[in-house]
Amino acid sequence: MTRNIVAKRLKVNGIVQGVGFRPFVFQLARKYSLKGVVANTSSGVSIHIEGLAESVSSFEADLANQAPPLAYIVDIAGQTAKVGQYSDFAIVKSQGNSQMSTLISPDVSVCDDCLAELLDPANRRFHYPFINCTNCGPRYTIIDDIPYDRPKTSMRHFSMCHACQAEYDEPTNRRFHAQPNACDDCGPHVGLFDNRKNVIDDPNPIGKAVRLLKRGNILAIKGLGGYHLASDAGNSDAVRRLRRRKNREEKPFALMSADLATIRGYADVSRQEEQLLSSIRRPIVLLRKKTPNSISDQVAPRNNYFGVMLPYTPLHYLLLQHDFTALVMTSGNLSEEPISIDNEDAFNRLGGIADYFLIHDRDIYLRSDDSIVRHAAGAQRFIRRSRGFVPIPIFLKEEVPPILACGAELKNTICVTKQDKAFLSQHIGDLENIATFDFFQLTVEHLKRILDIDPEILACDMHPDYMSSQFAATQAEIPKIQIQHHHAHVVSCMAEHKLDGDVIGLAFDGTGYGPDDTVWGGEILLASSYEFKRAGHLATVAMPGGAAAIKQPWRMAVSYLQATFGDDFQDLDLPMLREIEVEKVTILRQMMSQKVNSPLTSSLGRLFDGVAALCGIRNQVNFEGQAAMEFEMLAAESTGQVYDFQWEPGENCRLLTAPIIEGVVADMQRRVAVAEISAKFHRTLIQLFAEFSDFIRRDTGLNRVVLSGGCFQNATLLSGLVQALRDKKFEVFTHQQVPANDGGISLGQAVVAAAAVAGR
Ligand code: ZN
Ligand code: ZN
Ligand code: FE
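For the sequence shown, the working numbering begins at 1 and goes up steadily by one.
This is the structure we're talking about:
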């Protein structure tokens, strides 16, 4: 009987080092009685296997499908090899002497095996809040430099006890080379303090913390990527106190609940949302509220959604064992500053907010906020991409030079490229204060170091006042490329989908620098990664007061009324005009007619704000986009009705807003319900943009439409427009890997810069 023995060499590319991949391969080879070796190389993991042909095929299938949870396989290249002299299967020392280009894993939630040990009284790590293994725990936030080894992490201050070291050294152990491995004898510990740094002496600090939360106290709790501020979400007094002390009026607070069953008590959870919630990345997921519910109405006022996450550190699990429906777990920061990671800094900055501090002595080197996602239009959509996802790269369609893209101003992230990978940073925040700008610079240095990159090109926004652009300007020795905001938006989505050539790009957001001295934001572009041209844009109106018009949507309403009805608009019978003093309106009109601090804008975000204010949603906002968001949430089911719309044909078409405003005003005067107006307004935009895309297609032959910009966080607009475009047989591309908002823009900047260098 002849036995068919074959040999194969496999090269596995992706996040495959420091995630238990070699032990996994070792066990898989044993399972199928294969011989050979596995080794780390500079580009991934290399495997030689030999044995029965069918066993080799089974091995290959399992390799791709059963990889450890933290592994992120990009591709597996296989070729037949010579049957060698192997008598067994072995893990061998790393090959090659070139610098490892290891991809570092993000921080992920505690795994089921560790969780079982955590709750097992017989286990030596029973209730130890820092239990972890190769499949789980901290990574990105505790790394200071590469290669990813314990001395380069904040675990360097703890030397392993014999029991931990033995696990670390044993290839078949779940903790083989688990850099943060620790136990109660040798690892980090928690401590409980009051807000004056007095230690609260209690043999069980976590149990004591639970009792304090139950009594309505606010606790600062050190987590994986930074501090949270926590309170009992069922206690309105506590939540209100937290709002007041944190100076956060209405922006929703995130919740954390022990399990899915508890979450289902107060929110709807679809199958897809369940998957998002339970993924090891543990993002905050937006879930539709159930009514009534037992969560304080202070948590997410005037919002149809709760942002909810499951516990992700062992410490969270221990806290949530004690029948809270949910804890508020909001970022530990002062309004818009970065979250605290350092214990000293936390006492200083959060001492006026938190009553008590539950801290620990494992340092966080790089903060990483909770990620926020939702399920919309059939896919996962990022609102913020941070903890759990960073630094997984976005894979580009080709290799590019090393580029540092500095991002925009709000919701800033940066992006660094290396070969065919683009690394987006964690959420940095709004670059409006020194603390956030410091964090921006720290992140630039950190990413350069851990990715081992020296950028040859800088990419930044065209806006000269953005702190990110000013940072680029100070880097005198590196050539820089300024990129138009909406071009970067469109290309960020193209990059996700590896698109070449020209597309129709719909870029809709609040604000972006336009090279024609107007503020852009309702742009239909003909774009490639290399260049773009405006095919159309919303007709411009004044933004009286500039930034003030963003904070006070009634100003935009007045501007649209003026543009639509001229000076007669003050005679209109509108609730909004009755609310605003006549003098204020008069001053605004003068500003606009004399062109004082009244830049022109084509922004769709401002149109949303203006219409929302016209409908009496609100005249002031507490955070950007609030009026538009509340307007969307009110929308009734669409009846298919639309307002009149039209565009002026030409080289760069103006999409007229006046007919839409006329329709909205007429409905308001007829006392049509705002829910109906909102539905009709959304439907109008969807139809307008779909038909305009069709019009552009007739001219250009382009059949691919790319959607980007913060307005696509509006799920009604996103899903409606995707459907309408598909009905017209367009190929539609939307964001799934990076946010549609400015948090994804650095990716587009990097790819535009790469195209500029390539000259195509
Ligand atoms: Zn684990
Ligand atoms: Zn130990
Ligand atoms: Fe934008």
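Quick reminder that beta carbons are idealized off the backbone N, C-alpha and C, glycines included. Keep in mind it's a predicted model, so treat the numbers as computed, not measured.
Distance CB(L276)-CB(V373) smaller than 7 Å: Along the sequence shown, read from residue 1 onward, the residue named residue 276 stands at position 276. Along the sequence shown, read from residue 1 onward, the residue named residue 373 stands at position 373. Against a cut-off of 7 Å, the Cβ pair of V373 and L276 comes out as a contact.
Determine the DSSP secondary structure at V621, reduced to helix, strand or coil. Within the sequence shown, the letter at position 621 stands for residue 621. Coil at V621, not helix or strand.
Considering only the alpha carbon of each residue, which of S109, G265, D120 lies closest to N132? By 1-based counting over the sequence shown, the position of residue 132 is 132. Residue S109 is the option with its Cα nearest to N132.
If we count the other Cβ atoms within 10 Å of its Cβ and call it buried at 16 or more, is V57 buried or exposed? Your numbering for residue 57 matches position 57 in the sequence shown. As written in the sequence, residue 57 is Ser, which differs from the Val given in the question. Exposed: under 16 other Cβ atoms inside 10 Å.
Return helix, strand or coil for T291, following the three-state DSSP convention. Mapped onto the sequence shown, residue 291 falls at position 291. In the displayed model, T291 falls within coil according to three-state DSSP, outside both helix and strand.
Just to confirm the assignment, what range does the alpha helix (DSSP H) spanning I394 have? For the purposes of this step, residue 394 is taken as the residue at position 394 of the sequence shown. Note, I394: premise wrong, no alpha helix (DSSP H); beta strand (DSSP E) at 394 to 400.
Which one of N293, I73, K11 has the shortest CA to CA distance from T80? On the sequence shown, position 80 is the one that residue 80 refers to. The candidate whose alpha carbon is nearest that of T80 is K11.
Is any heavy atom of ligand 1 found at a distance shorter than 6 Å from the C-beta of N303? Locating residue 303 in the sequence shown gives position 303, counting from the first residue. It does not: the Cβ of N303 is nowhere closer than 6 Å to a heavy atom of ligand 1.
Quick check: is any heavy atom of ligand 1 less than 6 Å from the C-beta of N135? The sequence position of residue 135 within the sequence shown is 135, counting from 1. Checking the Cβ of N135 against ligand 1 gives yes.
If you follow the beta strand (DSSP E) that Q17 is part of, which residue opens it and which one closes it? Along the sequence shown, read from residue 1 onward, the residue named residue 17 stands at position 17. First-last for Q17: undefined, no H or E at that position.
At which residues does the beta strand (DSSP E) containing V45 begin and terminate? On the sequence shown, residue 45 is found 45 positions in, with the first residue counted as 1. First-last of the beta strand (DSSP E) with V45: 44 to 52.
Tell me whether S593 is buried or exposed, calling it buried when 16 or more other Cβ atoms sit within 10 Å of its Cβ. On the sequence shown, residue 593 is found 593 positions in, with the first residue counted as 1. With fewer than 16 other Cβ atoms within 10 Å, it is exposed.
Identify which residue in S46, Y32, K35, I5 has its Cα closest to the Cα of N13. Here residue 13 refers to the residue found at position 13 when the sequence shown is read from its first residue. The candidate whose alpha carbon is nearest that of N13 is S46.
Within a Cβ cutoff of 6 Å, which residues of the same chain sit near G720, ignoring the five residues on either side of it in sequence? As a first step, residue 720 is located in the sequence shown; it is residue number 720 there, counting from the start. Taken in chain order, the residues that qualify are I686.
Over what stretch of residues does the beta strand (DSSP E) that includes Q482 continue unbroken? Taking the first residue of the sequence shown as 1, we reach residue 482 at position 482. That run of the beta strand (DSSP E) goes 480 to 483.
Using a Cβ-Cβ cutoff of less than 8 Å, which residues in the same chain neighbour V781 once the five nearest sequence positions on both sides are dropped? As displayed, the chain neither begins before 1 nor continues past 760, which places residue 781 out of reach and without an answer.
Between the CA atoms of A756 and P393 - distance to the nearest angstrom: On the sequence shown, residue 393 is found 393 positions in, with the first residue counted as 1. On the sequence shown, residue 756 is found 756 positions in, with the first residue counted as 1. Going by the C-alpha atoms only, they are around 22 Å apart.
For ligand 3, I want to know if D742 counts as a neighbour, meaning its beta carbon is within less than 6 Å of at least one of the ligand's heavy atoms. Walking along the sequence shown from the start, residue 742 turns up at place 742. At least one heavy atom of ligand 3 is nearer than 6 Å to the Cβ of D742, so yes.
Outcome for A408 when other beta-carbon atoms lying within 10 angstroms are tallied against a minimum of 16: For the purposes of this step, residue 408 is identified with residue 408 of the sequence shown, where counting begins at 1. Burial call: buried.
Counting along the chain, where does the alpha helix (DSSP H) carrying H162 start and finish? Locating residue 162 in the sequence shown gives position 162, where the first residue counts as 1. It spans 162 to 169 - the alpha helix (DSSP H) in which H162 sits, taken as one unbroken run.
I believe S368 touches G226 by the beta-carbon criterion, under 8 Å. Please report the beta-carbon distance rounded to the nearest angstrom. Your numbering for residue 368 matches position 368 in the sequence shown. Your numbering for residue 226 matches position 226 in the sequence shown. Separation of the CB atoms of S368 and G226 is rounded to 7 Å, and the pair is thereby assigned contact status at 8 Å.
Might you give, ordered along the chain, the residues of its own chain that have their beta carbon closer than 6 Å to the beta carbon of F712, omitting 5 neighbours on each side? Here the question's residue 712 lines up with position 712 in the sequence shown. Cβ neighbours of F712 beyond the five flanking positions: L718, A740.
Is E662 near N703, with beta carbons less than 7 Å apart? What you label residue 662 is simply residue 662 of the sequence shown in a count that begins at 1. What you label residue 703 is simply residue 703 of the sequence shown in a count that begins at 1. No. Outside cutoff.
Can you tell me whether DSSP reads M467 as helix, strand or coil? Your numbering for residue 467 matches position 467 in the sequence shown. Correct three-state label for M467: helix.
Taking C-alpha atoms, which residue in L607, M543, Q482 lies nearest to Y765? Coverage of the chain is limited to positions 1 through 760, which leaves residue 765 absent and any answer about it impossible.
How far does the alpha helix (DSSP H) with A326 in it extend, from its first residue to its last? Here the question's residue 326 lines up with position 326 in the sequence shown. Looking at the DSSP string, A326 is not in any alpha helix (DSSP H), and its letter there is neither H nor E.
Look up A220 in the DSSP assignment and say whether it is helix, strand or coil. Translated into the one-based positions of the sequence shown, residue 220 becomes position 220. A220: strand per DSSP, three-state reduction.
Please confirm whether F253 and T325 have their CB atoms less than 7 Å apart. The residue given as residue 253 occupies position 253 in the sequence shown. The residue given as residue 325 occupies position 325 in the sequence shown. No, the Cβ-Cβ distance between F253 and T325 is not below 7 Å.
Can you tell me whether DSSP reads K251 as helix, strand or coil? Within the sequence shown, residue 251 is the residue found at index 251, counting from 1. Coil at K251, not helix or strand.
Helix, strand or coil for L366? Go by DSSP, reduced to three states. Walking along the sequence shown from the start, residue 366 turns up at place 366. In the three-state DSSP reduction, L366 falls in the coil class, being neither helix nor strand.
Going by Cα to Cα distance, which pick from R618, G378, G744, H316 is closest to I359? The count along the sequence shown starts at 1 and reaches residue 359 at position 359. Residue H316 is the option with its Cα nearest to I359.
Short of 7 Å in beta carbon distance, which residues of its chain neighbour D323, apart from the five on each side in sequence? Order them along the chain. For this step, residue 323 is matched to residue 323 along the sequence shown. None.
Between N795 and the rest of its own chain, which residues show a CB-CB distance below 6 Å, the 5 nearest in sequence each way excluded? Any question about residue 795 goes unanswered here, given that the chain covers just 1 to 760.
Would you mind working out which of V665, A7, S55 sits nearest R30, comparing C-alpha positions? One-based indexing of the sequence shown puts residue 30 at position 30. Considering only alpha carbons, the answer is S55.
Distance, Cα to Cα, E398 vs V74? As a working note, residue 398 is residue 398 in the sequence shown. As a working note, residue 74 is residue 74 in the sequence shown. Approximately 14 Å between the Cα atoms of the pair.
Whole angstroms are fine: how far does the CA of G505 sit from the CA of L538? By 1-based counting over the sequence shown, the position of residue 538 is 538. By 1-based counting over the sequence shown, the position of residue 505 is 505. Looking at the two C-alpha atoms, the distance is approximately 14 Å.
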